[in-house]
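**Student:** Heads up: the sequence shown begins at 1 in this note's numbering, then just goes up one per residue.
All C-beta atoms in this analysis are idealised placements derived from N, C-alpha and C, irrespective of residue type, glycine included.
Since this is a predicted model, take the numbers as computed values, not measurements.
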Amino acid sequence: MKPILSILGGDMRQVHLARLLLEDGKDVMTWGLEQGGAPKGVSLDRALEGDVLLLPLPVCRGERLNLPLTDTELEASRLWPRLRYDQLLLGGMTGDLGRRLMTDHGLTLLDYYSREEAQVANAVPTAEGAIQLAMESTDRTLHASRCLIIGYGRIGRLLADRLLALGAEVTVSARKYGDLAWIQAWGCQSVQTGALTGQLERFDLIFNTAPALILDGTRLRETREDCVIIDLASAPGGVDQTAARRLGRQVILAPGLPGKVAPRTAAAAIRDSIYHILEERGEPI
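(1) Output the boundary residues of the alpha helix (DSSP H) element that contains D179.
(2) Which of helix, strand or coil does DSSP assign to I155?
(3) So the candidates are M1, L5, S6 and R19; which of them puts its Cα closest to the Cα of A266?
(4) Which two residues bound the contiguous beta strand (DSSP E) that contains Y228?
(5) Express the C-alpha separation of E63 and M102 in angstroms, rounding to a whole number.
(6) Starting from the N-terminal side, write out each stretch of the alpha helix (DSSP H) that is 4 residues or longer and does not extend beyond the segment 12–45.
(7) In whole angstroms, what separates the C-alpha of P263 from that of L21?
(8) Using the Cα positions of A244 and G25, report the straight-line distance between them to the nearest angstrom.
(9) Which residues does DSSP list as the beta-bridge partners of E201?
(10) Look up R140 in the DSSP assignment and say whether it is helix, strand or coil.
(11) So, helix, strand or coil for L164, using DSSP?
(12) Decide yes or no for the touch test of the segment 173–190 against the segment 118–130: beta carbon pairs closer than 8 Å, at least 3 of them.
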């Protein structure tokens with residue numbers, strides 16, 4: 001028997017997720033997505049009867065369920081006691097919430113976003129979105145622009161590849177010697193992240209992907225006034241915003257790009273991750 005999938009809240013990624021699941025012939029209900037035109041909208045009471053509850057990415061904003069597409073607010077602490085122990089909860093960027101829900105309520109919450117296939121799939125629209133922001137924010141072509149990418153994770157690798165294809169001069173910073181070797185092998189210049197001080201003045205564009213404060217006041221003072229800095233890292237990001245404002249540096253905060261620039265693609269990545277979780281658990285799909 002196919003499970004009933006209930007999608008509770010979220011952004012346009014969850015709206016597209018509902019449509020993709022319906023296209024696949026799944027039994028779907030949605031709640032908290034009415035402003036995005038989501039199909040199969042039902043009451044909260046009805047949605048909570050689903051076998052698998054698909055929660056937003058991230059699950060919560062502060063103490064509330066992440067509900068940007070409805071005027072309704074829902075304290076997460078009021079939701080969990082209403083759920084059954086035999087329901088499977090799947091959410092994104094869950095942090096330690098899964099452990100707490102199991103301890104306090106006996107609920108199983110798994111993170112569909114933490115899986116490698118989801119991370120790689122989301123890195124693609126992030127890289128493309130970063131390039132779009134760069135083209136919109138500068139008065140020069142990316143071709144021949146001097147670009148620095150801080151961090152050589154999934155996003156850094158894909159972004160470097162695409163900037164090289166556009167003819168940019170690409171430098172990538174990393175901490176590990178192995179990563180520095182790969183950076184050079186792929187035709188980029190490399191620099192250790194800890195050795196960035198004294199090398200920042202030459203860049204037209206800086207993309208930060210590292211989830212740690214890298215561009216502090218001292219390093220920001222070395223950047224040119226016309227340098228565009230695009231911070232792709234999740235909050236609080238990798239740039240000292242106070243120092244950047246004081247110095248008059250242009251910093252574009254761009255976390256969560258997949259949901260903004262390519263929500264259908266991001267939704268497909270979530271769907272695939274959900275299917276993989278259910279398959280691995282031996283659950284019907």
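**Tutor:** Per the coordinate set shown:
(1) Y177 to A185
(2) helix
(3) R19
(4) Reading off the sequence shown, one finds Val at residue 228, where the question assumed Tyr. V228 to D231 is the span of the beta strand (DSSP E), which, as asked, contains V228.
(5) 18 Å
(6) 12–23
(7) 14 Å
(8) 50 Å
(9) Looking at the DSSP assignment, E201 forms no beta bridge with any residue, so it has no partner.
(10) coil
(11) helix
(12) no
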